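Peer 1: Count along the sequence shown from 1, then add 53; that gives the number in our numbering.
Sharing a structure here in structure tokens format.
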Amino acid sequence: MKKIEKRKLYKNKNTVFTHWHTRHNERDYQKLLKIAEYELYNFTWIATVNTFIKEGNISDKKKILDIGFGWGRTIVGLKKKITDLDVTGIELVDRAIENAQVVFKKYLPKYSKINLEIGDAERLRFEDNSFDTVLSTRVFQYLTNPQKAFHQVHRVLVPGGKAVIMVPNKLNPHQYLWYHTQPLSFFTLKKWFKEAGFKNIKNGSIIYFNDKWHRFSSDSAWVEVERLLTKIPFINKIGGNVWVSGEK
Ligand SMILES: C[S@@+](CC[C@H](N)C(=O)[O-])C[C@H]1O[C@@H](n2cnc3c(N)ncnc32)[C@H](O)[C@@H]1O
């Protein structure tokens with residue numbers, strides 16, 4: 054019953070806000086840094102960052118928008134690999150900004166060019182043609198009106214800019230059965246990309262191992278196994294996170 058209630062989370066913006074407001078505020082900084090130590094460098098994180106860099110054409114000096122940055126793990130990963138990125142992150146909950154800054158102090162001691170703001174994926178405040186890449190992981194499954202957010206993403210991208218959106222994968226049996234809100238499939242995501250005006254739309258999936266396996270470096274053999282699995286037909290559709298990319 055509880056699970057069925059939670060699956061409805063995305064249908065009401067206030068419920069989503071309350072859920073995440075509680076989650077971000079219940080973490081004291083010590084707990085947060087423990088989570089960061091645990092989650093940074095696991096499979097989920099390495100595969101996510103690598104996918105964004107590849108599919109989002111991310112390189113030095115590009116302007117990036119991360120929608121729903123959480124406590125900033127994607128931003129840490131991108132900035133560690135490509136230091137001269139200009140990253141803006143938006144979050145629904147203000148406490149997320151403080152949390153991310155605590156993580157950055159430890160994991161990106163001399164960071165610059167990171168701008169964190171309160172914002173809503175469905176109402177981006179940025180001008181048209183503002184970013185080279187827009188990315189987001191595990192956020193769009195909470196949106197009440199994801200189609201609206203896709204139009205916003207398209208609007209703020211420069212012509213030729215790339216969007217890469219990642220969410221829990223409905224075609225993955227574990228996510229289908231156990232994920233607490235709506236998982237989405239690449240069929241649905243591609244449809245929304247198309248409706249928003251994107252071209253060259255591609256899809257794939259990542260995460261074949263338990264993300265509790267932590268502390269792997271990017272060149273670990275297991276990371277390579279994960280990368281190879283993403284290339285096998287059929288298997289490459291059922292990873293835990295599905296991503297779709299498109300070009301404006
Ligand atoms: C599962 S967390 C993912 C965080 C981060 N992307 C990561 O992978 O670590 C989902 C995040 O989306 C944020 N969020 C939910 N709805 C949002 C919206 N409409 N606009 C921006 N952020 C939102 C929540 O506050 C939460 O931090």
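Each residue gets a CB set at the ideal place from its N, CA and C atoms; glycine is no exception.
The structure displayed is predicted, hence computed values, not measured ones.
Can you tell me whether Glu51 is buried or exposed? The criterion is at least 16 other CB atoms within 10 Å of its CB, across all chains shown.
Peer 2: Nothing about residue 51 can be reported from this structure: the residues present for the chain run from 54 to 301 only.
Peer 1: On the DSSP bridge list, what partners appear for Trp73?
Peer 2: As a first step, residue 73 must be located in the sequence shown, where it is residue number 20. Trp73 is not bridged to any residue.
Peer 1: Between which two residues does the alpha helix (DSSP H) holding Phe105 run?
Peer 2: The residue given as residue 105 occupies position 52 in the sequence shown. Note, Phe105: alpha helix (DSSP H), 96 to 108.
Peer 1: Measure the alpha-carbon distance for Ser112 versus Val140 and round it to whole angstroms.
Peer 2: As a working note, residue 112 is residue 59 in the sequence shown. As a working note, residue 140 is residue 87 in the sequence shown. Cα to Cα, the separation comes out at about 12 Å.
Peer 1: With distances taken between CB atoms, is the gap from Phe157 to Ile135 smaller than 9 Å?
Peer 2: Taking the first residue of the sequence shown as 1, we reach residue 157 at position 104. Taking the first residue of the sequence shown as 1, we reach residue 135 at position 82. The answer is no: Cβ separation not under 9 Å.
Peer 1: Would you kindly check if the distance between the Cβ of Leu145 and the Cβ of Val69 is under 9 Å?
Peer 2: Within the sequence shown, the letter at position 16 stands for residue 69. Within the sequence shown, the letter at position 92 stands for residue 145. Closer than 9 Å, so yes.
Peer 1: Counting only beta-carbon atoms, is Phe246 nearer than 9 Å to chain B?
Peer 2: The structure shown contains no chain B; it holds only a single protein chain.
Peer 1: Between the C-alpha atoms of Leu230 and Pro221, what's the straight-line distance to the nearest angstrom?
Peer 2: Here the question's residue 230 lines up with position 177 in the sequence shown. Here the question's residue 221 lines up with position 168 in the sequence shown. In a straight line, the C-alpha of Leu230 is about 11 Å away from that of Pro221.
Peer 1: Where does the unbroken beta strand (DSSP E) through Phe184 begin, and where does it stop?
Peer 2: Taking the sequence shown and counting its residues from 1, the one referred to as residue 184 is at position 131. It spans 184 to 190 - the beta strand (DSSP E) in which Phe184 sits, taken as one unbroken run.
Peer 1: Using alpha carbons as the reference points, say which of Lys107, Trp73, Glu151 lies closest to Arg191.
Peer 2: Looking up residue 191 in the sequence shown gives position 138. Comparing Cα positions, the closest option is Trp73.
Peer 1: Could you tell me the alpha carbon to alpha carbon distance between Thr71 and Gln83, rounded to whole angstroms?
Peer 2: Mapped onto the sequence shown, residue 71 falls at position 18. Mapped onto the sequence shown, residue 83 falls at position 30. Going by the C-alpha atoms only, they are around 23 Å apart.
Peer 1: Which one or two residues does DSSP pair with Gly3 in a beta bridge?
Peer 2: This structure leaves residue 3 out entirely; the chain is present only between 54 and 301.
Peer 1: Nearer than 8 Å: is that true of the beta carbon of Gly109 relative to any heavy atom of ligand 1?
Peer 2: On the sequence shown, position 56 is the one that residue 109 refers to. Gly109 Cβ: outside cutoff for every heavy atom of ligand 1.
Peer 1: Determine the burial state of Pro212: buried for a count of at least 16 other Cβ atoms within 10 Å of its Cβ, exposed for fewer.
Peer 2: Here residue 212 is taken as the residue at index 159 of the sequence shown, counted from 1. Classification of Pro212: exposed, given that the 10 Å Cβ count is below 16.
Peer 1: For Ala89, I'd like the list of residues in its chain whose CB is within less than 6 Å of its CB, leaving aside the five on either flank, ordered along the chain.
Peer 2: Counted from its first residue, the sequence shown places residue 89 at position 36. Hits under 6 Å: Val156.
Peer 1: Among the residues of its own chain, which have a CB less than 6 Å from the CB of Lys114, if the five just before and after it don't count?
Peer 2: In the sequence shown, counting from the first residue as 1, residue 114 sits at position 61. Asp137.
Peer 1: Quick one: grab the DSSP three-state call for Asn256.
Peer 2: Translated into the one-based positions of the sequence shown, residue 256 becomes position 203. Asn256: strand per DSSP, three-state reduction.
Peer 1: Between Val297 and Lys159, what straight-line distance do the alpha-carbon atoms span, to the nearest angstrom?
Peer 2: Looking up residue 297 in the sequence shown gives position 244. Looking up residue 159 in the sequence shown gives position 106. Looking at the two C-alpha atoms, the distance is approximately 31 Å.
Peer 1: Can you tell me which residues form a DSSP beta bridge with Glu300?
Peer 2: By 1-based counting over the sequence shown, the position of residue 300 is 247. Answer by DSSP bridge pairing, in chain order: Lys215, Lys252.
Peer 1: Let's see if you can read the secondary structure: which residues bound the alpha helix (DSSP H) around Arg126?
Peer 2: Locating residue 126 in the sequence shown gives position 73, where the first residue counts as 1. First-last of the alpha helix (DSSP H) with Arg126: 126 to 134.
Peer 1: Considering only heavy atoms of ligand 1, does any lie closer than 8 Å to the CB of Asp173?
Peer 2: By 1-based counting over the sequence shown, the position of residue 173 is 120. True, at least one ligand heavy atom lies under 8 Å from that Cβ.
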